[in-house]
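Some notes on the structure that comes next.
Numbering (my numbering), first residue to last: 49 to 567.
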């Protein structure tokens, strides 16, 4: 396949822009693969694994920009594709004649004294330095960048805490501040429920379920995924709870996280217990000791997102009897079970969102022992993303092993599509599970880009004389720009089963493949 490579020396472009450019370039005529990435050692390793490394790329530095297009046409088409990629890179945003571009955080802070939040998305090697500049300028920080050393995270959060500022991140993908969505977020109703979340899609799921249950969100603060580790000690979550506790627009406080360190969970629960505002805790995968610790403090505790969101809206004054709670559809479960052969006994879950993957995986673990994942905490059950599936396999395509040098799967699902085709051809697969994440920052038509693979897989399975069950959860609201109803209609029109929440997704998947084994 004709390939074109261009290196632009000493040209830095932030990761969010590169994700968008790569996605748009992949849609150009004849393009099979497109790469726009900084020449970091990590990205060079990925290009080597993809067979795209050259001597020129190997000799480039982390400050150099690498552009690559792989095409399925002729040489002239490859030249045109590269020109198209360069055009996407050089395209200037439209704006008013008075629009000002600042080259540094310090300059932006000086030129915009009314600003109080800096959103930072740069290579992880430089992210901490930029975050320090923002904090020194008196700005709260949302640090989207990942691959930031743990020591830098601790130093930044301690500095922010001492200055009375918020340090959201690193690896913070979601926030809603005063009704403004930052990075990956959904368009949800404003209201009186405040959220502090140590997970991006966990934050999105909680906000969307609250919206679905007719509640509203006052503020949504992200912390980054490591905040509740023993090393960090929940510095940002505790500061976030402080902020919501003092916010006159917040009546109920919700915290969301994957399993925290036990001593850190105690800190968070103690802080919530000290507040006069009702609180709800959702720690996915947490053990009974954490649930008991919450109970002794009078705090509503859940290890599933849907009942946690329901408890929050009820605490905010919504009448539960007026809500459509989408009870688990047992007739559907029996119908799917009847279609599957005895050999079709495994779940293969392919997720964009780590917390959504975690929730479904934890629900499967309640019923099955042979559950494997690239985000499993059990070394014996941990897979690399490139390993073949085993038993019930749950993959988070948002992990660094998939996103280093490539856009997040919410933007570019090409890695997931490739794996989907592999799983769909396995005669032991009973159900393939996927999430479809809508909202700001996500692909403009996430179902549309999956449909060709879905249609092909369904047809191949039918030709082989077996049913292929595909279960999809659409995380979004009717106000998200992709069109919630349109996305669901495309799925169901292709014969895909639609789930109404992250919790229901996990419950349906594990029940579809149940063969009567001992739980």
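Don't be surprised by glycine CBs; every beta carbon is placed ideally from N, CA and C. Owing to the predicted nature of the structure, the values given are computational and were not obtained by experimental measurement.
### Task
Assign residue 141 to one of three DSSP states: helix, strand, or coil.
In this predicted model, residue 141 has a pLDDT of only 49, less than 50, meaning its place in the structure is not dependable; the value taken from the coordinates is given anyway. Of the three classes helix, strand and coil, the one that applies to residue 141 here is coil, per DSSP.
### Message
Buried or exposed, going by whether 16 or more other CB atoms sit within 10 Å of the CB of residue 549?
### Response
buried
### Task
Note down the Cα distance separating residue 241 from residue 155, rounded to an integer number of angstroms.
35 Å
### Message
Measuring alpha carbon to alpha carbon, tell me which residue in 179, 130 and 138 is nearest residue 152.
### Response
179
### Message
With three or more beta-carbon pairs closer than 8 Å as the criterion, would you say the region 508-521 touches the region 343-362?
### Response
no
### Message
Count Cβ pairs between the region 324-333 and the region 347-356 that sit closer than 8 Å; are there 3 or more?
### Response
yes
### Message
Helix, strand or coil for residue 252? Go by DSSP, reduced to three states.
### Response
helix
### Query
If you count every other CB in all the chains shown that lies within 10 Å of the CB of residue 513, and 16 or more means buried, which is it?
exposed
### Query
How about residue 172 and residue 193: are their beta carbons less than 7 Å apart?
yes
### Query
From which residue to which residue does the alpha helix (DSSP H) around residue 220 run?
Per DSSP, residue 220 belongs to no alpha helix (DSSP H) and is neither H nor E.
### Query
Would you say residue 256 and residue 545 are within 7 Å of each other, going by their C-beta atoms?
no
### Pick from 169, 148 and 167 that is closest to residue 159, judged by C-alpha positions
148
### Query
Is it the case that the Cβ atoms of residue 71 and residue 118 are separated by a distance below 7 Å?
no
### Task
List the endpoints of the continuous alpha helix (DSSP H) containing residue 498.
494-511
### Task
For residue 461, I'd like the list of residues in its chain whose CB is within less than 8 Å of its CB, leaving aside the five on either flank, ordered along the chain.
400, 445, 491, 494, 497 and 498
### Message
Counting C-beta neighbours from all protein chains within 10 Å, is the total for residue 60 16 or more, i.e. buried, or is it exposed?
### Response
exposed
### Task
Could you tell me the distance, in whole angstroms, from the CA atom of residue 58 to the CA atom of residue 112?
5 Å
### Query
Would you say the beta carbon of residue 337 comes nearer than 6 Å to a heavy atom of the ligand ZN?
As presented, the structure is devoid of all ligands, the ligand ZN included, so that no description of it is given.
### Task
Identify which residue in 391, 467, 169 and 489 has its Cα closest to the Cα of residue 481.
467
### Task
Tell me whether the beta-carbon of residue 569 lies closer than 7 Å to the beta-carbon of residue 317.
Here the chain comprises residues numbered 49 to 567, so residue 569 is not present and cannot be evaluated.
### Query
Who are the near neighbours of residue 109 in its chain, counting only those whose CB is closer than 7 Å to its CB and skipping five residues on each side?
87
### Message
Our contact map puts residue 168 next to residue 157 with C-beta atoms below 8 Å; I'd like the distance itself, whole angstroms only.
### Response
With 8 Å as the limit, residue 168 and residue 157 do not qualify as a contact, their Cβ atoms being about 12 Å apart.
#### Entry: Opposing strand residues paired with residue 242 [DSSP bridges]
301
### Task
Report the residue from 436, 213 and 295 whose alpha carbon sits nearest the alpha carbon of residue 271.
213
### Message
Do residue 408 and residue 554 have their beta-carbon atoms positioned less than 7 Å apart in this structure?
### Response
yes
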